[in-house]
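Participant:
Residue numbers (the working numbering): 225 to 728.
(1) I want to see whether chain D comes within less than 8 Å of residue 659, judged by CB atoms only; does it?
(2) Helix, strand or coil: how does DSSP classify residue 504 here?
(3) How about residue 295 and residue 340: do their beta carbons lie closer than 8 Å?
(4) Residue 595 and residue 361 - do their beta-carbons sit closer together than 8 Å?
(5) According to the Cβ coordinates, are residue 597 and residue 534 closer than 8 Å?
(6) Is residue 347 near residue 337, with beta carbons less than 8 Å apart?
(7) Using 8 Å as the threshold, is the C-beta distance between residue 653 and residue 283 below it?
(8) So for residue 713, helix, strand or coil by DSSP?
(9) Could you give the distance in angstroms between the alpha-carbon of residue 374 and the alpha-carbon of residue 567?
(10) Have a look at residue 286 and residue 303 and give me their C-alpha separation to the nearest angstrom.
(11) Express the C-alpha separation of residue 319 and residue 273 in angstroms, rounding to a whole number.
(12) Report the residue from 364, 363, 334, 343 whose alpha carbon sits nearest the alpha carbon of residue 350.
(13) Find out if the Cβ-Cβ distance for the pair residue 306, residue 277 is shorter than 8 Å.
(14) Under the assumption that residue 581 contacts residue 624 (Cβ atoms under 8 Å), give the Cβ distance between them as a whole number of angstroms.
(15) Which runs of the beta strand (DSSP E) fall wholly inside the region 584–658 and span at least 3 residues, in chain order?
(16) Who are residue 362's beta bridge partners in DSSP?
(17) Since residue 587 contacts residue 615 with CB under 8 Å, what's their CB separation in whole angstroms?
(18) Could you tell me which of 706, 709, 540, 606 sits nearest to residue 674, measuring between CA atoms?
(19) Indicate whether residue 288 and residue 487 have their beta-carbon atoms separated by less than 8 Å.
(20) Does DSSP put residue 499 in a helix, in a strand, or in coil?
(21) Is residue 669 buried or exposed, if buried means 16 or more other CB atoms sit within 10 Å of its CB?
(22) What would DSSP say about residue 288, mapped onto helix, strand or coil?
(23) Quick check on residue 392: does DSSP put it in helix, strand or coil?
(24) Report the rounded CA-to-CA distance for residue 560 versus residue 363, giving the unit in angstroms.
(25) CB residue 343 to CB residue 628, shorter than 8 Å?
(26) Start and end of the alpha helix (DSSP H) containing residue 279?
(27) Does the beta-carbon distance from residue 368 to residue 279 come in below 8 Å?
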């Protein structure tokens with residue numbers, strides 16, 4: 225076993241990574257709520273009372289829907305309530321907690337790499353790359369998106385325990401721990417649902433030949449996933465003007481199926497009306513995305529953008545409005561298919577000579593399945609959706625650049641490339657963090673990069689209006705209405721703005 229898998233070095237690595245996180249994100253500690261944090265954190269009375277921590281982890285909450293947004297993510301709810309219990313209403317504490325979860329995820333990635341045979345340098349490099357990747361700013365600085373961090377931590381823990389179950393004594397105990405960690409990952413965020421795709425790959429890298437007990441373990445993960453979907457369906461979903469997501473449709477078609485896990489409770493009557501979170505419209509450049517083939521091509525193109533952002537994370541935006549791919553003559557879907565095909569082909573050819581690199585590349589691809597649009601989402605793409613995929617990328621890069629072979633020239637070249645990559649990604653992260661200072665900074669940065677994002681225009685208008693810059697706000701309201709004419713929310717908010725005197 226490599227030293228990185230021992231408890232003391234792992235804790236030391238976590239502290240080092242936490243210090244690195246503080247260096248990159250420390251300035252954000254004094255900032256208030258941004259974007260979704262206004263609604264999902266600061267705006268929820270349920271989360272203001274730490275006593276609800278007991279309600280979140282009460283076994284009855286598996287069968288009764290809690291009166292809070294994100295009820296399908298009880299681990300996220302519990303983490304916020306624990307912070308409230310420990311530190312009161314401090315938003316700085318909430319941000320600091322997210323930094324620690326991010327550092328813990330990076331440290332566990334190093335432990336997983338070492339467990340699968342990576343040398344100490346490769347394992348630590350994977351962790352550092354994960355720590356500094358610019359794609360993570362959104363998930364780390366916005367408390368609502370801490371769910372991604374939690375799900376990642378428990379997912380990596382599940383993979384570590386699964387790997388140990390294959391070649392340690394008490395394999396059943398390790399396997400049970402892996403199953404429990406997977407459950408906690410799912411209860412953090414549904415993006416962990418792809419994890420069963422990785423278990424056979426972990427076994428292949430570990431040299432474990434699947435036997436009857438291993439197949440039973442695979443089956444247990446699938447059964448758990450089905451049970452989670454049963455739990456999640458009545459607690460999530462959305463309805464938009466053109467329809468609703470698959471889970472909402474299923475719940476409406478067979479409500480009796482979900483009755484056992486959505487029982488009403490009179491004690492939550494004071495919170496009536498906050499259980500469900502419905503979206504207004506999908507933020508796209510026009511309504512062509514409602515057509516199935518246009519949607520399919522556009523979602524394929526979106527995955528090409530995801531690959532670009534994983535490999536070259538600059539520029540990045542807090543909000544995106546995908547441009548519809550109206551026909552197959554649009555090169556973007558083809559470029560996306562070619563790019564991801566190359567990733568999979570590379571994984572196949574590297575599977576024997578560099579199995580960890582191959583695993584990382586396959587992981588990148590598998591992690592996009594829950595956010596690929598197979599189940600339609602209100603937001604077709606977001607940087608936080610790539611948090612899991614970036615773990616695979618960093619594992620691949622760490623194993624590739626953390627060379628410990630006999631050739632000194634190859635080692636020096638790899639070390640130089642790794643150093644440049646860490647420095648560049650770290651600099652890009654540090655430079656972009658101020659965009660998340662407040663809503664005005666955040667949505668100004670989006671509009672500066674892409675003025676055709678309607679939701680960013682609307683949110684910028686609201687931020688400007690709140691700051692008394694009403695003439696500028698009116699221009700952005702008008703732009704949002706032009707870009708998003710079908711949105712009832714845009715029309716309502718603009719009407720309220722005009723009723724208050726407009727630009728004056």
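Just so you know, even glycine gets a beta-carbon here, dropped at the ideal spot from N, CA and C. Note that the structure is predicted; figures quoted are calculated from it, not measured.
Facilitator: The relevant details are as follows:
(1) Given the protein chain composition of this structure (a single chain), no chain D is represented.
(2) Because residue 504 carries a pLDDT of 49, less than 50, the predicted location of this residue cannot be relied on, and no value is offered for it.
(3) no
(4) no
(5) no
(6) yes
(7) no
(8) helix
(9) 27 Å
(10) 17 Å
(11) 18 Å
(12) 334
(13) yes
(14) 5 Å
(15) none
(16) Paired residue(s): none; residue 362 is not in a bridge.
(17) 7 Å
(18) 540
(19) yes
(20) With a pLDDT of 47 at residue 499, under the threshold of 50, the predicted position of this residue should be treated as unreliable, though the coordinate-derived value follows. Coil at residue 499, not helix or strand.
(21) buried
(22) strand
(23) coil
(24) 24 Å
(25) yes
(26) 276–280
(27) no
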